[in-house]
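> Just dropping this structure here.
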Amino acid sequence: MKHNNIRIKKTATLTPVTQHDLYIVCALDAEARPLINHFKLKRLPQHSAWPVYQNPQGVRLIVSGMGKSHSAAACAYLFASTGGETGHGILLNIGLCGHAEHERGHLLMADKVIDYHSGQSWYPALVIRPQCGYTHLFSFEQPQTSYPAAGMIDMEASGFYSSAIRLTSAELAHCIKVVSDNKRQSSSDLNPALASELISRQMPSIIEIIQQLEKTQARLPTPWNRQVFDTLCAEHRCSVSQQHQLKRLLLRWQALGGAATVMDALAPCKSMQDLLRQLETELHQQSLGLSIN
Amino acid sequence: MQQIYLEHSIAEHEQTAKILQRFPRAHITRIEHFGEVFNPRAQNFRLQKKSPALILARKQGKRILTAPAGYGLGGKHNYYFSHMQNCAYDCRYCFLQGMYRSAHYVLFVNYEDFLADIQQQTQLNPHESSWFFSGYDCDSLAYEPVSQFARSFLPHFAEGPAWLELRTKSTQIRSLLQQPAQNNVVVAFSLSPEPVIQALEHGTPALQKRLSAIQRLQQHGWRVGLRFDPIIYDADYRSMYQTFFQQVFQQLDGHSIHSASLGAFRLPRNFYRNMLHLYPEEPLLAGPLSEHQGMMAYSGDLEAQLLDYCEQQLLQYIHTEQYHPCQY
Ligand code: SF4
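Residue numbers (numbering that gives the first Met the number 0), protein chains in the order written: chain C, 0 to 292; chain P, 0 to 327.
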């Protein structure tokens, strides 16, 4: 049995693999363009259901098409197909919206996302303080020619949010919208170039929001070290419940400083059962040496 | 405070108006019921804790609850209540992290309903002592400048016969110093050795500051209790707790203390699991703990050793009648 490599790998737990862990859903290609350009995203050829873009730094984007159901499905697809870790990623719906009062080009975030038809609502957790401020966001089935609700209106957010909230926590799932039309200025003159232009002008603020969210995200615990786990599982036959137990004990090992001596002590173990028993004993001994000073 | 959620039902409440005045720049979101924001599953306590929102709500239903058996200071009838859910401090051992999904502060502003319930409960046993413990789901005083909880509640206990315990680590004692001391109110301070405070009680006042606050309260005539709970295991716990008790009773006269209690670190298993998920890197949670009857506590005879040692130290400074071990 070769446990030497296990010892070395405990330091690897603290090194993040990517700079970002970010998933963006846009309804239209024109809305996505400024983001694709900013993050230098490349289209992934293997995805045919929706256009999916990615960069090596961990930014992923999908163009969902219009409507709540498209947005919900594309959000889940993007997350699953690009290897998202539940509870960890930042998920954003970025695009245009209507608002009765606000000027065209105004940026807003949602403090409440409401499905106008079902009445169902969600509260993104507002842990950041963006310059742009927050307001309610109502999602409709059809394009609206009037402004029947007090807040932003769109056709995607409730679909996106209902899906996003299954994949991450409410602090990291948000809707960021730029006003494209209001009571004084209809959307009749809106074309792809203008849509891109409206988003482009707000890119500095959008990036600032993403940076604030990433600071929040950075407070999540470091993902645990799978390498040790994988090695031990490869070396010993183990059941699913033993895998759970092993994971729990390895997390403890990590919290206690990941002392190499624990792994050395496991070297003579002949079976997973032996190994778990020995690991438990070693960790107990090690925790008795815990010092808070 | 950057974000306030406001329940429609208390939007016009006097207490609400006072609180909103303190935060003119806060973004306000109207809600029907605090549970809409506080209860959803997909929330991360750890992420919210850095910048929690304030939820102003009405406490409906049962506001005063019977305390578990073994909880209390010798009174016949023991109750607890929470005018607030969550806390301005961030103690890594706090069970609230495991109990709630959200770290937002929920402040129930309908104090008048709590007070009416307390009065009603007291009248059920007019000739026996009834104790009301606050600070179960929060720190009783840490949020005082905003909540005005003590300022609002204390006058209602002035006539007796009910007793009130305010449980705190806070030095926000101005409202207590601005009114005459009351005989049937105990301000119970949770104290820990400074290394424990530094490592685990994030955002709380240093031990020395708590001791100074206690002295000022005592000089003003308030009864003070000391709560050494949770006692935390350390490889060198004997010398840590010996130094600690010396430090505490060098500054305080043990015999003038109303009561003292001791309890070791323990958590319901489910809360422990949630906390482990939030803070897998926390050595406290990786410590020598094991499960016993649904509770996670120090394993084997470690808990007994810890408690015996601390009890021995404590009883050098106070009388046994002042001592109430935690039995719950
Ligand atoms: S002071 Fe009490 S309620 Fe507040 S975080 Fe610490 S243990 Fe929890």
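Where a beta carbon is used, it is the ideal one built from N, C-alpha and C, also for glycine. Please read these numbers as outputs of a predicted model, since none were measured by experiment.
Residues in its own chain within less than 6 Å of Ile61 (chain C) by CB, not counting five upstream and five downstream?
Here residue 61 (chain C) corresponds to residue number 62 of the first sequence, with the count starting at 1. If we look at Ile61 (chain C) and ignore the five residues flanking it on each side, its Cβ neighbours are Val24, Trp49, Val51, Ala73, Leu77.
> Expressed to the nearest angstrom, what Euclidean distance is found between the alpha-carbon atoms of Phe94 (chain P) and Ile164 (chain C)?
On the second sequence, position 95 is the one that residue 94 (chain P) refers to. On the first sequence, position 165 is the one that residue 164 (chain C) refers to. The straight-line gap from Cα to Cα measures roughly 25 Å.
> Based on the DSSP output, what are the partners of Leu163 (chain P) in its beta bridges?
Here the question's residue 163 (chain P) lines up with position 164 in the second sequence. Per DSSP, P:Phe131, P:Val184.
> If you drop the 5 nearest sequence neighbours on each side, which residues of the same chain put their C-beta closer than 8 Å to that of Ile7 (chain C)?
In the first sequence, counting from the first residue as 1, residue 7 (chain C) sits at position 8. Low per-residue confidence applies at Ile7 (chain C): pLDDT is 29, beneath 50, and the placement is therefore not dependable enough to give any value.
> Does Ser133 (chain P) get closer than 8 Å to chain C when you measure Cβ to Cβ?
On the second sequence, position 134 is the one that residue 133 (chain P) refers to. Answer no: the Cβ-Cβ gap between Ser133 (chain P) and chain C never drops below 8 Å.
> Run through the region 205 to 274 of chain C for me and flag every whole alpha helix (DSSP H) of 4 or more residues, listed as ranges in chain order.
Counting only runs of 4 or more, we get 225 to 234, 239 to 254, 259 to 265.
> To the nearest angstrom, how far is it from the Cα of Ile35 (chain C) to the Cα of Cys86 (chain P)?
Within the first sequence, the letter at position 36 stands for residue 35 (chain C). Within the second sequence, the letter at position 87 stands for residue 86 (chain P). Straight-line Cα distance between these residues: approximately 42 Å.
> Between the alpha carbons of Phe37 (chain P) and Ser238 (chain P), how many angstroms are there, rounded?
In the second sequence, the residue the question calls residue 37 (chain P) occupies position 38. In the second sequence, the residue the question calls residue 238 (chain P) occupies position 239. When rounded, the distance between both Cα atoms is 42 Å.
> Considering only residues of the region 121 to 196 of chain C, which uninterrupted beta strand (DSSP E) runs meet the minimum length of 3 residues and lie entirely inside it, listed in chain order?
Fully enclosed beta strand (DSSP E) runs of 3 or longer: 133 to 138, 151 to 153, 172 to 180.
> Since Ile164 (chain C) meets chain P, which of its residues come closer than 7 Å, beta carbon to beta carbon?
For the purposes of this step, residue 164 (chain C) is taken as residue 165 along the first sequence, with counting starting at 1. Chain P residues near Ile164 (chain C): Ala41.
> Would you say Ala157 (chain P) lies against chain C (beta-carbon separation less than 8 Å)?
Numbered from 1 along the second sequence, position 158 holds the residue referred to as residue 157 (chain P). Cβ-Cβ to chain C under 8 Å: no for Ala157 (chain P).
> With DSSP as the reference, label Tyr308 (chain P) as helix, strand or coil.
As a working mapping, residue 308 (chain P) is identified with position 309 in the second sequence. Here Tyr308 (chain P) sits in helix by DSSP.
> Tell me which residue opens and which closes the beta strand (DSSP E) that Cys96 (chain C) is part of.
The count along the first sequence starts at 1 and reaches residue 96 (chain C) at position 97. It spans 89 to 98 - the beta strand (DSSP E) in which Cys96 (chain C) sits, taken as one unbroken run.
> Suppose you measure from the CA of Gln284 (chain C) to the CA of Leu288 (chain P); what does that come to, to the nearest Å?
Locating residue 284 (chain C) in the first sequence gives position 285, counting from the first residue. Locating residue 288 (chain P) in the second sequence gives position 289, counting from the first residue. One C-alpha to the other measures close to 12 Å.
> Whole angstroms are fine: how far does the CA of Leu106 (chain P) sit from the CA of Gln321 (chain P)?
Reading the second sequence from its first residue, position 322 is the one you call residue 321 (chain P). Reading the second sequence from its first residue, position 107 is the one you call residue 106 (chain P). Each residue's Cα considered, the two are about 33 Å apart.
> For the structure I just gave you, are there three or more beta carbon pairs, one from the region 136 to 153 of chain P and one from the region 169 to 187 of chain P, closer than 8 Å?
Because the criterion of three Cβ pairs below 8 Å is met, the region 136 to 153 of chain P and the region 169 to 187 of chain P touch.
> Considering only the alpha carbon of each residue, which of P:Phe132, P:Ser298, P:His276, P:Leu210 lies closest to Thr170 (chain P)?
Counted from its first residue, the second sequence places residue 170 (chain P) at position 171. Considering only alpha carbons, the answer is P:Leu210.
> Taking C-alpha atoms, which residue in C:Lys269, C:Ala71, C:Gly57 lies nearest to Ser161 (chain C)?
For this step, residue 161 (chain C) is matched to residue 162 along the first sequence. Considering only alpha carbons, the answer is C:Ala71.
> Leaving out five residues before and five after Glu170 (chain C) in sequence, what residues of the same chain have Cβ atoms less than 7 Å from its Cβ?
Within the first sequence, residue 170 (chain C) is the residue found at index 171, counting from 1. Result list for Glu170 (chain C): Ala124, Val126, Thr215, in chain order.
> At a CB distance below 7 Å, what residues from the region 10 to 41 of chain P approach chain C? Give them in sequence order.
Listed by position, the residues of the region 10 to 41 of chain P near chain C (Cβ gap below 7 Å) are His26, Thr28, Glu35, Val36, Pro39, Ala41.
> Alpha carbons only, please: which of P:Ile54, P:Ala115, P:Leu261 is nearest the one belonging to Glu35 (chain P)?
As a first step, residue 35 (chain P) is located in the second sequence; it is residue number 36 there, counting from the start. Here the closest residue by C-alpha is P:Ile54.
> Select from P:Phe248, P:Tyr308, P:Glu143 the residue whose C-alpha is nearest the C-alpha of Ile352 (chain P).
Residue 352 (chain P) is absent from the structure shown; chain P starts at 0 and stops at 327.
> Which residue from C:Asp263, C:Gln18, C:Gly97 puts its Cα closest to that of Asn181 (chain C)?
Locating residue 181 (chain C) in the first sequence gives position 182, where the first residue counts as 1. Comparing Cα positions, the closest option is C:Gly97.
> Under 8 Å, do His201 (chain P) and Asp89 (chain P) count as touching if we go by C-beta distance?
Position 202 of the second sequence, counted from the first residue, corresponds to residue 201 (chain P). Position 90 of the second sequence, counted from the first residue, corresponds to residue 89 (chain P). Going by C-beta atoms, His201 (chain P) is nearer than 8 Å to Asp89 (chain P).
> Assuming contact is defined by CB atoms lying nearer than 8 Å, are Ala99 (chain C) and Cys174 (chain C) in contact in what I supplied?
Stepping through the first sequence from its first residue, residue 99 (chain C) is reached at position 100. Stepping through the first sequence from its first residue, residue 174 (chain C) is reached at position 175. No; because the gap between Cβ atoms is not below 8 Å, this pair is not in contact.
> In this structure, does DSSP put Thr65 (chain P) in helix, strand or coil?
Here residue 65 (chain P) corresponds to residue number 66 of the second sequence, with the count starting at 1. Three-state DSSP puts Thr65 (chain P) in a strand.
> Would you kindly check if the distance between the Cβ of Ser81 (chain P) and the Cβ of Tyr135 (chain P) is under 8 Å?
On the second sequence, residue 135 (chain P) is found 136 positions in, with the first residue counted as 1. On the second sequence, residue 81 (chain P) is found 82 positions in, with the first residue counted as 1. It is a contact, given that the beta carbons lie within the stated cut-off.
> Could you say which of C:Met151, C:Ile198, C:Ser195, C:Leu289 lies nearest to Tyr133 (chain C) if we only look at CA atoms?
On the first sequence, residue 133 (chain C) is found 134 positions in, with the first residue counted as 1. Looking at the Cα atoms, C:Met151 is the closest of the given residues.
> Quick one: does Tyr278 (chain P) have its CB under 8 Å from some CB of chain C?
Within the second sequence, numbered from 1, the residue matching residue 278 (chain P) stands at position 279. Yes, contact with chain C.
> When you compare only the Cα positions, how much space is there between Ser138 (chain C) and Ala56 (chain P)?
Stepping through the first sequence from its first residue, residue 138 (chain C) is reached at position 139. Stepping through the second sequence from its first residue, residue 56 (chain P) is reached at position 57. Straight-line Cα distance between these residues: approximately 27 Å.
> Suppose the cutoff is 8 Å on Cβ atoms and the five residues either side in sequence are ignored; what does the same chain contact list for Gly224 (chain P) look like?
Against the second sequence, residue 224 (chain P) aligns to sequence position 225. Excluding positions up to five away in sequence, the list reads Leu72, Glu164, Val185, Val186, Ala187, Phe188, Ile256, His257, Ser258, Ala259, Ser260.
> Exposed or buried, what is Ala149 (chain C) when buried is set at 16 or more other beta-carbons lying within 10 Å of its beta-carbon?
Taking the first sequence and counting its residues from 1, one reaches residue 149 (chain C) at position 150. Its Cβ having fewer than 16 others within 10 Å, Ala149 (chain C) is exposed.
> Which class does Phe243 (chain P) belong to by DSSP, given the choice of helix, strand or coil?
Sequence index remark: in the second sequence, residue 243 (chain P) carries index 244 (1-based). Correct three-state label for Phe243 (chain P): helix.
> Note down, in chain order, each residue of its chain lying with its Cβ closer than 6 Å to the Cβ of Thr81 (chain C), except the 5 sequence neighbours on either side.
As a working mapping, residue 81 (chain C) is identified with position 82 in the first sequence. Within the same chain, Thr81 (chain C) has close Cβ partners Arg59.
> Candidates C:Gln242, C:Pro222, C:Leu219: which alpha carbon is nearest Asp229 (chain C)'s?
Within the first sequence, the letter at position 230 stands for residue 229 (chain C). Per the Cα distances, C:Gln242.
> What does Gly286 (chain P) touch in chain C if you count any residue whose Cβ is under 8 Å from its own?
For the purposes of this step, residue 286 (chain P) is taken as residue 287 along the second sequence, with counting starting at 1. By Cβ distance, chain C contributes Ser286, Leu289.
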